[in-house]
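For the sequence shown, position 238 matches number 238 in the UniProt record's numbering, and the numbering has no gaps at all.
Every residue gets a Cβ at the ideal spot worked out from N, C-alpha and C, and that includes glycine.
Here is the structure we will look at, set down as structure tokens.
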Amino acid sequence: MKDTAQETINKIYDSLTRAERQLAGVILENYPMSGMGSITRLADKASVSTPTVARMVQKLGYSGFPEFQEALRQEVEARFSNPIAKHESWAQSAPEAHILNRFTDAVMSNIRQTLANIDPSQFDALAGLLADENRALYITGGRITHALSEYLHLHMQVIRARVRHIRSTSNAWPHDLLDICEGDVVLIYDIRRYENSTLRLAEIAKRRGAKIALITDQWQSPISQYADVSLKCRIEAPSAWDSTVSMMLLSETLIAAVQEARWDQTEDRMRALEDMFDQTKIFRKFV
């Protein structure tokens, strides 16, 4: 699967000229809509020449500006396609192999591409924010990704104190933001179709001084404009629904990284929790 223009820009950014970096900033500012106008309009907005735009899109792997725009249009369509539309698109080109193999191949490809495109320094930065108990940690997700947010919240509660789960689909989520202080962390899962309530939550939390951490898809949630750290996962699969397997892998890796960074404190918390489990007899013991 070909990288998006956004991913390619991020990969080659250090090799760009000053004018090309200026253009890249304009493209990324409101991506992908920023590139949907004419080539002269984009050049004027970036204060560069039209030949600079033409050279830039060729560096991104496109034959010219029209092909670049067509790729952006396809991204816009992919971002907002509903489950029925996604299924119809898949069914038209479905290979003959069994669904078990096709789905697994797609998921494995998602994992490989997700790992290839994640900057380890960004991952480490996010793990560092999650491990910092001086910062309260708020975790939330959307209609589909709330399950991931609950999973991460459950583990983070064991690893460290001051962790809260926000149900973004509830009308009560503004109540959760009342206690946010400057420097606290709000981790948000958001994939297509991006939800207005989650975007508003991020906007308000940012205004209150929170650090916004985003785990999103390859098309990147609008929340990215507020994010201090953003990690993108591939989610396409031969189904009417997207696959969150790569996001789960990333979540479990974050859990492992934070646990390792705080092991001395986490071990004490785990022992205390196990003692409570023994007292309440929640789990059966076969000894």
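| Check | Outcome |
| --- | --- |
| Distance between beta carbons of H155 and H165, contact taken as under 8 Å | Actually they are not in contact, since the Cβ atoms of H165 and H155 sit about 12 Å apart, beyond 8 Å. |
| Where G209 sits in the DSSP three-state scheme | coil |
| Environment of Y13 [buried if 16+ CB atoms lie within 10 Å] | exposed |
| 4 or more residues per run - each alpha helix (DSSP H) lying fully within the region 183 to 245 | 196 to 207 |
| Same chain, Cβ closer than 8 Å to M247, five either side skipped, listed in chain order | T145, L148, Y189, I191, I215, C233 and I235 |
| Sub-9 Å separation of L177 and I204 beta-carbons | yes |
| Identity of the residue in D119, M56 and R207 nearest S15 by Cα | M56 |
| Closest residue to Q220 among Y31, L254, D275 and A210 (Cα-Cα distance) | Y31 |
| Candidates T4, W241 and I212: closest to G61 by CA position | T4 |
| Three-way DSSP call (helix, strand, coil) for R112 in this model | helix |
| Helix, strand or coil at V76 [DSSP, three-state] | helix |
| Which residues DSSP lists as bridging R167, in chain order | G141 |
| Run of the alpha helix (DSSP H) containing Y151, from where it starts to where it stops | H146 to I159 |
| Reference D228; option with closest CA among K206, A240 and V245 | K206 |
| Cβ shell of V245 (< 6 Å), same chain only, five flanking positions each side left out | V107 |
| When S121, I223 and D179 are compared against T198, the one with the closest alpha-carbon | I223 |
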